[in-house]
Structure formats: structure tokens, C-alpha cells
Amino acid sequence: MIAFQPSAKFDKQASIILLDQGEVKKKSFPEIPKNLKKLVLSAIGSNQFSGDEGQIFPLVFDQKIILLVGVGAKKDLSLTALRMTVRKAFMSAYLAEIKDVELHLHDQKDDSVVSVIEGILIGSYKWKKYITRKDDDKTVDEKNVYLVINKKEVFEDAIVICEGNNLTRDLINENADVATSTHIEKVIQKLIKGKKNISVEILNKKEMKTKGLGLHLAVNQGSNKEPKLIIVKYAGASKKEPYTAIVGKGITYDAGGINLKPSGHIETMRQDMSGAGAVVGILKNFLSLKPKKNILFVCTLAENAIGSNAYKPGEIIKGYAGKTVEIGNTDAEGRLVLADAISYVIKNYKPSRLIDIATLTGACVVALGCDYTGLVSTDDQLANQLLASAQKTDDRAWRLPSYKELKSSVSSKIADIRNLGFPKGAGGTITAAEFLRQFAEVDGTKWAHLDIAGTAFVEGHTRMYFAYGATGAAVRLLTDFLRNK
Ligand code: BES
Ligand code: ZN
Ligand code: ZN
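Counting from 1 along the sequence shown, just add 47 to a position and that's the residue number in my numbering.
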């Protein structure tokens with residue numbers, strides 16, 4: 048539980064006091080009891096605490112634990128570091144057994160308040176559903192945290208967005224045989240139940256066959272689970288206002304198909320529905336924050352399995368747009384389901400802008416690593432707005448090029464287009480994006496693509512303020528973009 052508290056009390060089992068170097072130097076800390084101030088001054092006087100970034104110094108006062116936590120120099124204070132510092136303090140051994148914590152900020156600026164809340168709620172998130180042993184780290188849901196701030200609206204807003212972010216993580220972290228297309232549909236139905244200005248269209252295998260979503264069907268062919276295209280229409284603005292569509296890749300498991308993934312690459316492929324997972328988290332945010340916008344929330348769900356029914360390399364398949372696709376590799380399945388979803392949404396809903404979100408290419412991880420989402424768009428205004436939201440929310444993105452001559456990189460001798468870029472291994476992220484562009488940039492639709500293959504999931508050790516597993520990449524970025532631009 049995390050609660051809002053307008054003034055300091057120092058009556059909890061523990062208190063965290065964030066201080067910047069300037070405050071420490073000037074010895075100016077408001078709202079501290081006199082006797083505690085003496086203790087703090089002696090820690091400073093004996094050079095044990097200076098306010099350096101990430102520094103944690105424990106005190107005992109009135110039988111309570113006080114953690115002095117440094118956030119660094121005010122003038123070049125990094126909000127990423129602030130999130131990491133708050134996470135570190137919160138998860139430190141000093142608080143392991145503590146239930147009630149009061150937290151005092153070094154300043155009350157909106158972006159500091161948001162960063163601190165994210166440091167707590169995003170920073171202490173951990174996927175624990177399948178851990179039965181007892182000695183596990185305490186997460187925020189096992190503590191009562193009281194934030195001493197005077198900005199109720201900023202506080203409530205940030206909490207909603209963190210909860211949306213963490214819902215996305217739960218969906219991604221869940222086993223692939225639990226988080227199936229049917230499960231994701233249920234989660235969406237539960238979210239939208241009884242909500243105003245919402246309608247939904249769902250295509251299952253049967254409807255896909257009738258309507259000709261051949262690419263989506265092909266990808267799911269080797270699976271015993273139902274393929275689904277889910278389109279939630281959120282009408283928060285007047286009918287005249289244009290729609291923006293967000294389309295998430297939702298491969299509930301990507302085994303690679305007949306081009307089976309090798310060991311070392313397959314184990315975390317339940318993450319391949321991270322784009323769709325992000326769409327669900329953003330939908331949750333919208334249903335709580337109720338921005339006056341028109342948005343289409345789209346999840347394109349399938350499983351890329353291997354088996355005697357699976358679609359085959361070398362085949363040619365026709366999609367909803369009428370274009371034929373040569374299957375160069377069954378593991379390049381994301382662009383296929385997305386192509387059908389994008390074509391279907393543009394033809395039937397006519398959005399003015401469309402943004403797809405996908406764990407699309409391993410090449411993106413090679414190019415940009417794990418801290419920056421790859422952004423591709425031919426529309427400079429749209430790209431710049433997305434980059435601005437990425438910067439503001441610390442949900443980072445970096446633009447990669449898209450240009451006319453790339454068209455030949457996905458050409459085919461025997462079909463209209465090929466799902467594998469050429470030359471082999473060259474620019475895998477931008478050739479995949481080029482494939483999507485040829486389905487998205489029709490009827491004047493402005494399009495952008497977010498490749499979250501590197502950012503959606505942490506393998507190995509904690510990265511920045513994200514523990515092992517899903518991060519919720521693109522949730523904060525797109526929530527900000529969609530409600531403000
Ligand atoms: N889902 C993968 C991409 C991926 C890789 C996501 C690593 C997350 C982490 C995608 O479907 C895929 O397999 N792409 C292939 C494309 C290739 C066959 C052209 C890849 O990146 O190797
Ligand atoms: Zn794949
Ligand atoms: Zn995939």
C-alpha cells in the first residue's frame with residue numbers, strides 16, 4: 048500500500064529522508080524533530096553522510112529507524128538515478144522486516160515526485176507468483192508506505208500509471224500456457240466491463256478465415272490455441288476527433304515455428320506478447336485516468352508453435368490487404384500478424400495515426416542494447432513527439448532510419464513481399480520495420496513502430512530499476528504520448 052501524507056509525522060517504524068548535497072552542506076532540512084536534527088547533524092559533522100548519489104546512512108531515533116539517503120547534486124540530479132536510489136533504499140536490508148515506512152522528499156517538483164513513486168512501485172516490483180519459499184524479498188505490497196508530499200493529483204496519477212505498468216509485467220511474466228490469447232481476452236473483458244464509451248470487436252479463427260487474415264492464421268497454424276485479434280475502441284472525445292491506434296504484437300509463445308529457435312534464445316519467449324501486454328497496461332491507465340481522446344487499443348494474439356500443422360518456410364501466403372508474402376523464415380512471425388492487424392484496423396477503423404509495439408527483432412538488441420526501444424517512423428512530427436514522451440517518462444527510445452530505397456530489402460521474386468530482409472543479417476530492425484511500413488502507410492495513415500525486443504524483458508541481473516523479468520516497456524511512454532499529443 049502506498050498512501051499520501053500531507054505532513055511529516057516520524058511516527059512509523061522507519062523513515063527515509065532524501066537529501067541532496069546542497070541541503071546537507073547548508074544543513075537545511077525542514078520538518079525534522081529537533082532531537083533527530085541533532086543526530087543528522089552529527090552524521091554530517093563526522094563526514095559520515097554527504098548526500099552523494101545513492102548513499103544510505105542508517106540512524107536509530109526514538110527506537111525507530113531513520114535512513115538518510117543521498118540523491119546527489121541538485122544541479123545535475125538524474126531522475127533515473129533518483130529512481131534507482133529510492134529502489135535501493137526501499138529494498139535495503141534495513142527495511143527488510145519493516146512494515147510502515149514514511150518517506151520524505153528532497154523537493155516537491157512534479158518530476159521528482161513521479162520518479163520517487165516509480166522508484167518504489169516499479170523498482171520494488173518482483174514476479175513472485177511461483178516462489179513458494181519464505182525467505183523472499185519484501186515488495187511494496189507487503190509494506191505500508193506514506194509519502195510526505197503536497198501534490199495529491201501528481202501522486203494519484205503516478206500510482207495509476209505504475210499499476211498499469213505492473214499489470215503489463217504480470218501478463219508478460221506469466222507462463223505462456225497460462226497467459227494464452229483466451230486469458231488475455233478475459234483480462235481485457237474484465238477491465239472494460241461496465242465502462243462507458245467502450246466497445247470491442249474480437250476476431251477468432253472462424254472470423255479470420257471468413258475475412259481473410261491469412262498471415263495471422265498461418266502463424267498460429269501449429270498451435271492448439273485460438274488466434275485472436277482484439278480491438279477495443281475507447282471513445283473519450285467527440286466523434287469528429289480522429290482516432291490513434293496502438294497495435295501490440297502478442298505472440299504468447301515464440302518457438303520460432305519450423306525455423307525453431309535454439310537453446311539460449313527460446314527460454315524467455317513468453318515475452319513475445321510484450322507489445323500486446325503494453326497495450327493492455329495502457330488501456331488500464333486510460334480507463335482510470337479517462338483522458339478525452341479517441342484511441343483504438345489493438346492486440347494481435349497468436350502462438351508461433353512447431354508441429355505437423357505449422358506453416359512452412361518457402362510458402363507464399365496472402366494476407367488481409369491482398370498482398371502475397373513469401374515466408375523466408377517462420378521465426379519472422381511478428382511482422383506477419385502485425386501486417387494483418389494493421390491492414391484490418393486501417394481499412395475498418397481509419398485511424399489517422401497508428402503506432403505498433405513489438406518485440407520484433409533480435410537485431411534491435413544488437414543495435415541499441417536493452418535500455419533504448421527502437422523507433423522507426425517516416426513522420427518527423429510523430430517521431431519527435433514520441434521521443435519527447437520517451438525522454439519525459441524515462442521509458443527510453445532511439446530513432447532508427449526509414450528511407451525509400453529500403454523497399455527492395457524486402458522484395459521477393461515469387462511474391463509481392465518477403466518476411467525476411469536482404470542482405471541476410473543486415474539492418475534487421477529497419478528491414479522488419481520496412482515490411483510493416485508497406486502495410487501501414489496506406490490511406491494517409493501516419494505510422495510509427497516501437498521495437499521493444501531489447502527493453503521489454505530483463506534477463507540476468509537487475510537493469511536500472513527493473514528486476515529480472517518484464518519491465519513494462521512502452522507503457523509509460525505511450526500513456527504520456529496518447530493523453531497529451
Ligand atoms: N520474437 C523475436 C524477436 C526477439 C528476439 C524478441 C529477442 C525478444 C528478444 C522475433 O519473432 C524473431 O524471432 N525475429 C527474428 C527475425 C529473423 C528470423 C529475421 C530474429 O530477430 O532473429
Ligand atoms: Zn520469431
Ligand atoms: Zn517473435
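Glycine included, every Cβ here is placed at the ideal spot set by N, Cα and C.
Per the coordinates, the alpha-carbon of Leu-260 lies some 48 Å from the alpha-carbon of Thr-132. When the five nearest sequence neighbours on each side are left out, the beta carbons in the same chain lying within less than 7 Å of the beta carbon of Ile-167 are those of Ile-49, Val-133, Phe-137, Val-187, Val-192, in order along the chain. The Cβ-Cβ distance between Ala-479 and Leu-422 does not fall below 8 Å.
The beta carbon of Leu-262 lies closer than 7 Å to those of Ile-364, Gly-366, Val-372, Leu-383, Val-384, Ala-386, Asp-387 in the same chain, with the five residues before and after it left out.
The continuous beta strand (DSSP E) containing Tyr-281 extends over residues 275-282.
Between the alpha carbons of Leu-429 and Lys-493 lies a distance of about 8 Å. Residue environment analysis places Asn-332 among the buried positions, since at least 16 neighbouring C-beta atoms fall within 10 angstroms of its C-beta. Cβ atoms of Glu-232 and Lys-275 come within 8 Å of each other, at about 6 Å. Remark: C-beta atoms of Val-266 and Tyr-396 do not approach each other more closely than 8 Å. Applying a distance threshold of 5 Å between residue Cβ atoms and the heavy atoms of ligand 3 selects Ile-298, Asp-301, Asp-319, Gly-381, given in chain order. Following the DSSP letters along the chain, one finds Phe-482 inside the alpha helix (DSSP H) bounded by residues 475-487. Judged by their CB atoms, Ala-517 and Ala-503 are nearer to each other than the 8 Å cut-off. Under the three-state reduction of DSSP, His-230 is assigned to helix. Between Asn-351 and Glu-288, the beta carbon gap of about 36 Å keeps them out of contact (Cβ cut-off 8 Å). Under a 10 Å Cβ-count criterion, Glu-149 is classified as buried, with 16 or more other Cβ atoms of the shown protein chains found around its own Cβ. For Val-345, DSSP records a beta bridge to Ile-278, Val-294. With a cutoff of 7 Å, Gly-303 counts as near ligand 2, since its C-beta is closer than that to a heavy atom of the ligand.
With contacts defined by Cβ atoms closer than 8 Å, Leu-401 and Val-294 form a contacting pair.
Fully enclosed alpha helix (DSSP H) runs of no fewer than 4 residues occupy 321-336 of the stretch 315-391, in order along the chain. Close CB contacts of Gln-102 within its chain, under the 6 Å cut and outside five residues either way in sequence, are with Gly-117 (chain order). By the CB criterion at 8 Å, Ile-64 and Ile-112 fall outside the cutoff. The beta carbons of Lys-439 and Asp-527 sit about 6 Å from each other, so the pair counts as a contact at 8 Å. A contact between stretches requires three or more CB pairs, one per stretch, nearer than 8 Å, and the stretch 242-261 fails this requirement with the stretch 314-328.
With contact defined as three or more Cβ pairs closer than 8 Å, the stretch 445-461 and the stretch 471-487 are in contact. A Cβ-Cβ distance of about 6 Å is found for the pair Pro-398 and Thr-291, placing them in contact under the 8 Å criterion. Three or more Cβ pairs closer than 8 Å define a contact, and the stretch 306-316 falls short of that threshold against the stretch 239-256. Ranked by Cα distance from Asp-99, the first of Ile-79, Leu-307, Glu-70 is Glu-70. Proximity to Ser-97 across Arg-180, Lys-73, Ile-145 peaks at Lys-73, based on C-alpha coordinates.
If you check the CB distance, Gly-501 and Leu-415 come in under 8 Å.
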